[in-house]
Amino acid sequence: MADEHPTVGTNFIRQIVLADQASGKQDGRVTTRFPPEPNGHLHLGHAKAICLDFGIAREFGGTCNLRLDDTNPGKEDPAFVEGIKDSVRWLGFEWNELRHASDYFEVFYRAALKLIEDGKAYVDDLNAEEVRDYRGTLTEPGRDSPYRNRTVEENLDLFKRMRAGEFADGSRTLRAKIDMASGNINLRDPALYRIRKITHQNAGDAWPIYPMYDFAHSLSDALEGITHSFCTLEFEDHRPLYDWCVDNVDLPNHPELWQPLIERGLRTAPSKPRQIEFARGNLSYTVMSKRKLATLVNDRLVDGWDDPRMPTLAGARRRGFTAAAIRTFWERAGVSKQNSVIDYGVLEACVREDLDARAPRRMAVLDPLKLTITNLPATHMETLVFPNHPKDESFGTREVPLSRDLLIEHEDFAEVPPKGFKRLVPGGEVRLRGIGIVKCDEAIKDAAGTVIELRCTLDPDSRHGTPGADRKVKGTIHWVSARHAIEAEVRLYDRLFDVADPDDETDGKTWLDHVNPDSRRSAPAYLEPSLRNAAPEQHFQFERIGYFVADRHDHTREAPVFNRAVNLRDAWSPSVR
RNA sequence: UGGGGCGUAGCCAAGCGGUAAGGCACCGGGUUUUGAUCCCGGCAUUCGCAGGUUCGAAUCCUGCCGCCCCAGCCA
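Numbering (the working numbering), first residue to last: 4 to 580.
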């Protein structure tokens, strides 16, 4: 992937890392991590974080770990882990080490003990409701818990008993002793540990207590030697707590805390990581929240997590979007601290750009109209050779059979053409791609008056490859030999929502009211025979129609299935609409 | 009435005291056997607003205005 799109532009994160490396901070080392919680599928928004985390590491000669943030058993499921790994690899990245926050449970526990011994954490007996009450509000300071000043000995005893499973869920917590009057609510003695007697997906029943995000995440970063820890804007006011945990536990100077890791063979070299926040990536015409995505799947509004209309990475892949396109999309979108919504069109442009360069061309007819070349014998059979790419000879050529009876796109003929129409009209001429110029002598209609066949004559002097082929005609249309065409299912996808911002309910409608009913259409199609050899996930441009991909799961040689990733830019149809 | 952020074109986004990059979109024009691609050109006298400092301000200062996030024993 040191490929296609050179790094362009800059952003504040690159500048920070560049400056840190230049000044020799952390010995000039750059280590990052991508820390998803294994409780769902990765989507395009995660791709931004993945590109940033892995991209910065690669750009600065460092490494990036994949860390599964599994600190909340019950909400998480190891089943998601494979999907996450798969998506990260598909996007083109490889992690240095695969870790789990649960790998560090023993270290977290020892770190908590240390904080207690240092008088910086205490066991609180207040229940959830009472804690909320003591916390104060945004504008009023909180009050100290009556348990805040227990002795170190009592706290140690209580915490060890919490760990031993002596207390009921929710009956106690371990809290950091910071400042109940802080304007930053995250500093009002935040919980470090809660009691949760649930089997953990990796740790089993070893722990009746589980660490909270701020405590686990900051220490995990430090343990992995992370230098730059990127996260989204909402964690900005958690940074003081992140730093508090890192500084007060002081892993580098307390190797006894992480000795268990060394014994297990987990490379550990604690650092003083720096958290840097950036704006999460939002896309227009879609929803990205885990809850809404789950609703779409559960309510059967889509056909699963990898439905080609879903903004999940599995969905984008099946849709035919390429990893390279998604990478350049996020590079192009930039990284800043401004909440924003990027136009879906930018993503489509990236997909077209990538596929224009790498998708071989083919011809396919979606809505067939019979076209007979009357001056060719009924038995005529000829093999034409077509280049696979108009600008890149390395794509080679393919053979395309030509016979007297062809199929063309119904919309490429008009009895009464709209102004500017450049295709076939009664008595008019058009070029049949790679064949020559044909003239429409007669349009045959059925009883209902629908045109069912065009009878045309081919100008032999305009045949492709002859000097006469230079003759100018207004339009060129694609075709397929009726007798040789293979039938296939073509799935035409469009944006899942009919408004740019489905989450906006000021129009009195909910996001569900904006699901686009025409976002998926399935139709039979007639393809040139060379497409019989298409392999799943292989991309093609069906000339004049769009970019397609052989469906990853349903496509077979016997029953071909192609998904439209994106249509071609069309300077014509918008004007007639 | 607390704390933390952010305001540059329709959507993103560079810019870091020396006179507004780039992309998408849009509008022209050229090439073209895909109404595609490609190529050229256009698209902010102005950076949320108002003052101030300066020879010079999107960049510095002050004051307003607007938007986002925070009161889980979620992450």
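Quick reminder that beta carbons are idealized off the backbone N, C-alpha and C, glycines included.
Item                                                                                                                              : Value
Alpha carbon of residue 19 to alpha carbon of residue 50, nearest angstrom                                                        : 21 Å
Backbone secondary structure at residue 150 - three-state DSSP                                                                    : coil
Completely contained alpha helix (DSSP H) runs for the segment 291-341, where each covers 4 or more residues                      : 293-301, 316-322, 326-336
Helix, strand or coil at residue 18 [DSSP, three-state]                                                                           : helix
Supposed close pair residue 362, residue 529 - CB separation, criterion 8 Å                                                       : At roughly 19 Å, the Cβ-Cβ gap does not stay under 8 Å, so residue 362 and residue 529 are not in contact.
Run of the alpha helix (DSSP H) containing residue 137, from where it starts to where it stops                                    : 131-138
Terminal residues of the beta strand (DSSP E) in which residue 56 lies                                                            : Here residue 56 belongs to no beta strand (DSSP E); instead the alpha helix (DSSP H) covers 47-62.
Cβ-based burial, residue 338 [other Cβ within 10 Å; buried from 16]                                                               : buried
Cβ pair count under 8 Å reaching 3, the segment 461-470 against the segment 525-539                                               : no
Identity of the residue in 433, 301, 503, 450 nearest residue 442 by Cα                                                           : 433
Candidates 188, 89, 116: closest to residue 162 by CA position                                                                    : 116
Through-space distance from residue 132 to residue 141, alpha-carbon basis                                                        : 17 Å
Reference residue 198, options 186, 73, 170, 414, closest by Cα                                                                   : 170
Sufficient close CB pairs (3 or more, under 8 Å) joining the segment 489-503 to the segment 281-289                               : yes
Per-residue DSSP class, three states only, for residue 164                                                                        : helix
Under 7 Å between C-beta atoms of residue 446 and residue 429                                                                     : yes
According to DSSP, residues forming a beta bridge with residue 544                                                                : 364, 550
Residue 124 vs residue 69 beta-carbon contact at 7 Å                                                                              : no
Limits of the beta strand (DSSP E) - the one that residue 195 falls within                                                        : 194-198
Euclidean distance between Cα positions of residue 549 and residue 571                                                            : 5 Å
Beta strand (DSSP E) segment containing residue 444, residue limits                                                               : 439-448
Buried versus exposed, by CB contacts within 10 Å (16 or more), residue 628                                                       : This structure cannot settle anything about residue 628, because the visible part of the chain is limited to 4 through 580.
6 Å Cβ shell around residue 309 - same chain, five flanking residues per side excluded                                            : 317, 318, 321
Beta-carbon contacts of residue 562 that lie in its chain and below 6 Å, excluding the five residues immediately before and after : none
Cβ contact check for the segment 243-256 and the segment 96-103: 3 or more pairs under 8 Å                                        : no
Assumed close pair residue 439, residue 457 - CB separation to whole angstroms, cut-off 8 Å                                       : About 16 Å; that fails the 8 Å criterion.
Alpha-carbon spacing of residue 567 relative to residue 453, whole angstroms                                                      : 28 Å
Stretch-stretch touch, CB-based, cutoff 8 Å, three pairs: the segment 416-429 with the segment 379-398                            : no
Beta bridge counterpart(s) of residue 345 as assigned by DSSP                                                                     : 286
Cα-Cα separation, residue 478 to residue 55                                                                                       : 45 Å
Residue 4 versus residue 95 - alpha carbon distance                                                                               : With a pLDDT of 32 at residue 4, under the threshold of 50, the modelled position of that residue is not reliable, and the figure given next carries that caveat. Near 7 Å, if we compare the C-alpha coordinates of residue 95 and residue 4.
Of the residues 295, 324, 231, the one placed nearest residue 586, counting alpha carbons only                                    : Residue 586 cannot be examined here, being either before or after the span of the chain that is shown, 4 to 580.
Spatial distance of residue 10 from residue 62 (CA atoms)                                                                         : Residue placement at residue 10 is flagged as unreliable, the pLDDT there being 42, under the threshold of 50; the coordinate-derived value follows with that caveat. For residue 10 and residue 62, the distance between alpha carbons rounds to 9 Å.
Backbone CA spacing between residue 208 and residue 168 [nearest angstrom]                                                        : 10 Å
Nearest residue (CA-CA) to residue 53, options 72, 43, 90, 26                                                                     : 90
Residue closest to residue 353, alpha-carbon to alpha-carbon, out of 343, 329, 369                                                : 329
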